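Undergrad:
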Amino acid sequence: MKALFLAFGALCLAGAAEASPCAKRIADLEARHKSGSALDAGSAGESVDAMLHHQPTASSVGGAGADSTDSKEVERDAHFEIEIEQAKAAENSGDVAGCEAAVAEARKALAR
415 MKALFLAFGA
425 LCLAGAAEAS
435 PCAKRIADLE
445 ARHKSGSALD
455 AGSAGESVDA
465 MLHHQPTASS
475 VGGAGADSTD
485 SKEVERDAHF
495 EIEIEQAKAA
505 ENSGDVAGCE
515 AAVAEARKAL
525 AR
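Oh and the sequence shown: position 74 is 488 in this note's numbering, straight run, nothing missing.
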């Protein structure tokens, strides 16, 4: 009887440890997105004027927050997150085609 429980437990653990191909793609994309975000944050560096200890002008300060690339990155990240959540939902419900389609869209969002 004890051996039966041990065998059942081993089968349950083996099944839980095995991820589907779509789940692996989701994890890979999430890792890629996370590492890309971490590398992008604060990587602009210091301008030449700042290194020369020049004070910023009113126009340079005013334009600093209105960078269009920031809004594009926010839009890209939001689209990525939506697609990844859809992929996870499809994966959890067993919808392989839906998972693959959402993963493809998430990949496109990262490429933007």
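Yeah, the Cβ is synthetic: ideal placement off N, Cα and C, and Gly gets one too.
It should be emphasised that the depicted structure is a prediction, and the values quoted were computed from it without experimental measurement.
#1: Let me confirm a value: residue 526 is counted as buried when at least 16 other C-beta atoms fall within 10 Å, else exposed. Which label applies?
#2: Drop a sphere of 10 angstroms on the beta-carbon of residue 511, count the other beta-carbons inside from all chains shown, and report buried for 16 or more, exposed for fewer.
#3: Which residue wins for smallest C-alpha separation from residue 448, given the options 484, 506, 509, 494?
#4: Does the beta-carbon distance from residue 514 to residue 440 come in below 8 Å?
#5: If we ignore side chains and look at the alpha-carbon of each, how far apart do residue 509 and residue 521 end up?
#6: On the criterion of 16 or more Cβ atoms from any shown chain inside 10 Å, does residue 445 qualify as buried, or is it exposed?
#7: Please name the residue in 524, 436, 517, 518 whose C-alpha comes closest to that of residue 489.
TA: With the structure as the only source:
#1: Looking at its Cβ environment, which holds fewer than 16 other Cβ atoms inside 10 Å, residue 526 is exposed.
#2: With fewer than 16 Cβ atoms within 10 Å of its Cβ, residue 511 is classed as exposed.
#3: Of 484, 506, 509, 494, the residue nearest in Cα terms is 494.
#4: Contact: no.
#5: Rounded to whole angstroms, residue 509 to residue 521 spans 18 Å at the Cα level.
#6: Exposed, because fewer than 16 other Cβ atoms sit within 10 Å of the Cβ of residue 445.
#7: Distances from the alpha-carbon of residue 489 to those of 524, 436, 517, 518 put 524 closest.
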